[in-house]
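These notes concern the structure reproduced below.
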Amino acid sequence: MHSIGNDFVLVDNINQKINLSKKKIRQLSDRNSGIGFDQIIIIMKSDNIKNSDFKIRIFNSDSSEAKQCVNGIRCVFQYLRLNNLIKKRIINRNHIKIRVYEKGAGITYCCGSASAATVALGIHLKKLNNIVKVDFLRGSLKVSWKNNSNLISIIGPAEHIYNGNINL
1 MHSIGNDFVL VDNINQKINL SKKKIRQLSD RNSGIGFDQI IIIMKSDNIK
51 NSDFKIRIFN SDSSEAKQCV NGIRCVFQYL RLNNLIKKRI INRNHIKIRV
101 YEKGAGITYC CGSASAATVA LGIHLKKLNN IVKVDFLRGS LKVSWKNNSN
151 LISIIGPAEH IYNGNINL
């Protein structure tokens, strides 16, 4: 799959166990002798992550692991949607609910880039309106995007937690 030329190989590891070595990833990424891709994304069941159906690992063509890729996540979502593998959490055209798991951080209470990517895809697929309330575990964001614009607006709270001094 690709998103505006940023191309990916998606490995469906949901009902099978495929282990890819770093060497194999580099071989597959070679556009002359392999498949060729910017990143390879392994999609797995999320058995040990509460309130999450799937988890992913993203590897660059040099086999280094990426922390995230919004274009890749949109392609994963499209793959899962086209194969009827996701539960819909669209409350209505103006309101959705999402959960985010970040490698190294676990379940996060909120993720602006995930809300932006989810809403942009929903608008592009004509499933959501241009202004959407996105619910997370501890609150909500308001995301807006006009399909013909390069700007996505995310409105949400920013709260002061603590002031103090620390000797380093």
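Going by my numbering, 84 is the number at position 84 of the sequence shown; the sequence numbering is gapless. Glycine included, C-beta positions come from ideal geometry on N, C-alpha and C.
Measuring alpha carbon to alpha carbon, tell me which of the options ends up nearest residue i.
i      : options                      : result
Arg57  : Asp12, Asn32, Ser3           : Asp12
Ile107 : Asn147, Lys127, Asp53, Asn92 : Asp53
Asp7   : Ala66, Asn147, Ser140, Phe37 : Phe37
If you check the beta carbons only, do residue i and residue j fall under 9 Å apart?
i      : j      : result
Lys133 : Asn94  : yes
Val76  : Leu128 : no
Ile25  : Ser61  : yes
Phe136 : Tyr109 : yes
Ile35  : Leu85  : no
Beta-carbon within less than 8 Å of residue i's beta-carbon, same chain only, minus the 5 sequence neighbours each way: which residues are those?
i      : result
Trp145 : Ala116, Val119, Ala120, Ile123, Asn130, Leu151, Ile152, Ser153
Gln78  : Met1, Leu121
To which residues does DSSP link residue i through a beta bridge?
i      : result
Ile43  : Asp12, Ile56
Asp7   : His2
Ile133 : It is Lys, not Ile, that sits at residue 133 in the sequence shown. His95, Lys142, per the DSSP bridge assignment.
Val100 : Thr108
Take residue i and list the residues in its own chain whose beta-carbon comes closer than 6 Å to its own, dropping the five residues that flank it on each side.
i      : result
Ile155 : Lys142
Cys111 : Val100
Arg138 : Tyr109
Using 10 angstroms around the beta-carbon of residue i, count the other beta-carbons present and answer buried if the total reaches 16, otherwise exposed.
i      : result
Gln39  : buried
Gly5   : exposed
Gly72  : buried
Arg74  : buried
Ser29  : buried
Ala114 : buried
Gly41  : Before going further, note that residue 41 is Ile rather than Gly in the sequence given. That one is buried.
Ile96  : buried
Going along the chain, which residues of its own chain have a beta-carbon closer than 7 Å to the beta-carbon of residue i, five neighbours each way excluded?
i     : result
Ser3  : Asn71, Arg74, Cys75
Ile91 : Lys97
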